[in-house]
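Chains as they are written, first to last, in the numbering used here: chain C, 1 to 115; chain Y, 116 to 229.
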């Protein structure tokens, strides 16, 4: 069985502050991990993904995430948030590469960036 | 590239009526996925097609829900005899098949059953 836990359902940070959104996964095999963002009234958009190699992956708009096998984690970070980063962020796990692998979605973390 | 197109954006039905949701995947993408999103349950997988063939419908409620992909340019999700608990945002996504888990999502159809 596989699962994803995002422990912080709501996060508020001030504009210009740094951000970390936590993600823990449970899976016995090799995970493929993603972060998606959902802006209001829109579908999900891919921020970044990790398949293998360098555990720190860069994404769009200054986001990065770090994979840790020992901690079963894939935390998302940004050095300085902007008001436009306010959205819901989903951590996603795939059990295998290849079409058809069902994805496990975290419950999402709603980020509010205050002025 | 217009992305994944879902229509309608909003649909309101009365209890017991039928609802048909449409999805046009990105041209050239071989896989189409349907998800349901609610506040309580989050994102739930419903069904998935590859090259128009149904591959996995394990997330579909056994009664009243059906999905089809009659051609590579569109897929439909049909809900018969809609119930208030069917109210949700239904998301369609497509992928190219190589990096299959990179899904491209539509904006969703918000279904409200009164």
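Even for Gly, the Cβ is constructed at its ideal location relative to N, Cα and C.
| message | Is there a C-beta anywhere in chain C that falls below 9 Å from the one on residue 171 (chain Y)? | response | The residue given as residue 171 (chain Y) occupies position 56 in the second chain. It does; some Cβ of chain C falls within 9 Å.
| Nonlocal neighbours in the same chain, by C-beta distance under 8 Å from residue 186 (chain Y), ignoring five residues either side | Stepping through the second chain from its first residue, residue 186 (chain Y) is reached at position 71. Excluding positions up to five away in sequence, the list reads 167.
| field | Terminal residues of the beta strand (DSSP E) in which residue 185 (chain Y) lies | value | Residue numbering aside, residue 185 (chain Y) sits at position 70 when the second chain is read from its first letter. Where residue 185 (chain Y) is concerned, the enclosing beta strand (DSSP E) starts and stops at 180 to 186.
| message | According to DSSP, residue 43 (chain C) sits in a beta bridge with which residue or residues? | response | Reading the first chain from its first residue, position 43 is the one you call residue 43 (chain C). Bridge partners of residue 43 (chain C): none, in fact.
| task | Identify, in the order they occur along the chain, each residue of the same chain with its Cβ nearer than 7 Å to the Cβ of residue 189 (chain Y), setting aside the five sequence neighbours on each side. | result | Position 74 of the second chain, counted from the first residue, corresponds to residue 189 (chain Y). For residue 189 (chain Y), the CB contacts under 7 Å within the same chain, skipping 5 residues up- and downstream, are 137, 138, 139 in chain order.
| said: Taking 9 Å as the threshold (beta carbon to beta carbon), is residue 127 (chain Y) in contact with chain C? | reply: Translated into the one-based positions of the second chain, residue 127 (chain Y) becomes position 12. By the rule that beta-carbons nearer than 9 Å mark a contact, residue 127 (chain Y) does not touch chain C.
| Unbroken stretches of the beta strand (DSSP E), 3 residues or longer, contained in the region 26 to 79 of chain C | Annotation note: the region 26 to 79 of chain C contains the following uninterrupted beta strand (DSSP E) runs of length 3 or greater, listed N- to C-terminal: 32 to 38, 44 to 50, 56 to 58, 64 to 68, 73 to 78.
| Cβ-Cβ distance between residue 21 (chain C) and residue 6 (chain C) below 9 Å | Translated into the one-based positions of the first chain, residue 21 (chain C) becomes position 21. Translated into the one-based positions of the first chain, residue 6 (chain C) becomes position 6. In contact: residue 21 (chain C) and residue 6 (chain C) (Cβ atoms closer than 9 Å).
| query | Using the C-alpha atoms, what's the distance from residue 48 (chain C) back to residue 107 (chain C)? | reply | On the first chain, residue 107 (chain C) is found 107 positions in, with the first residue counted as 1. On the first chain, residue 48 (chain C) is found 48 positions in, with the first residue counted as 1. Cα to Cα, residue 107 (chain C) sits roughly 18 Å from residue 48 (chain C).
| message | DSSP three-state label for residue 190 (chain Y), please. | response | Sequence index remark: in the second chain, residue 190 (chain Y) carries index 75 (1-based). If DSSP states are grouped into helix, strand and coil, residue 190 (chain Y) belongs with the strands.
| task | List the DSSP bridge partners of residue 240 (chain Y). | result | A query on residue 240 (chain Y) cannot be resolved here, the shown segment of chain Y reaching from 116 to 229 and no further.
| said: The beta strand (DSSP E) that contains residue 154 (chain Y), what's its start and end? | reply: Here residue 154 (chain Y) refers to the residue found at position 39 when the second chain is read from its first residue. It is not in any beta strand (DSSP E) - residue 154 (chain Y) carries neither H nor E in the DSSP assignment.
| said: Here's a check: name, in chain order, each residue in its chain whose Cβ is nearer than 7 Å to the Cβ of residue 174 (chain Y), leaving out the five neighbours to either side. | reply: As a first step, residue 174 (chain Y) must be located in the second chain, where it is residue number 59. Taken in chain order, the residues that qualify are 159, 160, 161, 162.
| request: Output yes or no for whether 9 Å exceeds the beta carbon distance between residue 63 (chain C) and residue 33 (chain C). | output: As a working note, residue 63 (chain C) is residue 63 in the first chain. As a working note, residue 33 (chain C) is residue 33 in the first chain. It is not a contact, given that the beta carbons lie outside the stated cut-off.
| query | Assuming residue 221 (chain Y) and residue 105 (chain C) make a contact with CB atoms under 8 Å, what is their CB distance in whole Å? | reply | In the second chain, counting from the first residue as 1, residue 221 (chain Y) sits at position 106. In the first chain, counting from the first residue as 1, residue 105 (chain C) sits at position 105. Actually they are not in contact, since the Cβ atoms of residue 221 (chain Y) and residue 105 (chain C) sit about 16 Å apart, beyond 8 Å.
| Would a check of beta-carbon distances place residue 107 (chain C) closer than 9 Å to chain Y? | Here residue 107 (chain C) is taken as the residue at index 107 of the first chain, counted from 1. So, interface residue.
| message | Tell me which residues of the region 157 to 171 of chain Y have at least one Cβ-Cβ distance to chain C shorter than 7 Å, keeping chain order. | response | Result list: 157, 158, 160, 163, 165, 170, 171.
| said: Our contact map puts residue 198 (chain Y) next to residue 228 (chain Y) with C-beta atoms below 8 Å; I'd like the distance itself, whole angstroms only. | reply: Working through the second chain from its first residue, we reach residue 198 (chain Y) at position 83. Working through the second chain from its first residue, we reach residue 228 (chain Y) at position 113. Contact holds; Cβ gap of about 6 Å.
| Between the region 46 to 62 of chain C and chain Y, which residues of the former have CB atoms less than 7 Å from a CB of the latter, in chain order? | Within the region 46 to 62 of chain C, the residues whose Cβ lies closer than 7 Å to any Cβ of chain Y are, in chain order, 46, 49.
| request: Report buried or exposed for residue 215 (chain Y), applying the criterion of at least 16 other Cβ atoms within 10 angstroms of its Cβ. | output: Taking the first residue of the second chain as position 1, residue 215 (chain Y) is located at position 100. Residue placement at residue 215 (chain Y) is flagged as unreliable, the pLDDT there being 49, under the threshold of 50; the coordinate-derived value follows with that caveat. By the neighbour-count rule (16 or more Cβ atoms within 10 Å), residue 215 (chain Y) is buried.
| said: According to DSSP, simplified to helix, strand and coil, what is residue 200 (chain Y)? | reply: To locate residue 200 (chain Y), count along the second chain from 1; it is residue 85. In the structure shown, residue 200 (chain Y) sits in a helix (DSSP, three-state: H, G or I).
| request: Measure the beta-carbon distance from residue 208 (chain Y) to residue 153 (chain Y) and round it to whole angstroms, keeping in mind my assumption that it falls under 8 Å. | output: Taking the first residue of the second chain as 1, we reach residue 208 (chain Y) at position 93. Taking the first residue of the second chain as 1, we reach residue 153 (chain Y) at position 38. That belief does not hold up - the Cβ atoms of residue 208 (chain Y) and residue 153 (chain Y) are roughly 17 Å apart, past 8 Å.
| said: For residue 30 (chain C) and residue 10 (chain C), what's the separation of their Cα atoms in angstroms? | reply: By 1-based counting over the first chain, the position of residue 30 (chain C) is 30. By 1-based counting over the first chain, the position of residue 10 (chain C) is 10. The alpha-carbon atoms of residue 30 (chain C) and residue 10 (chain C) are separated by roughly 29 Å.
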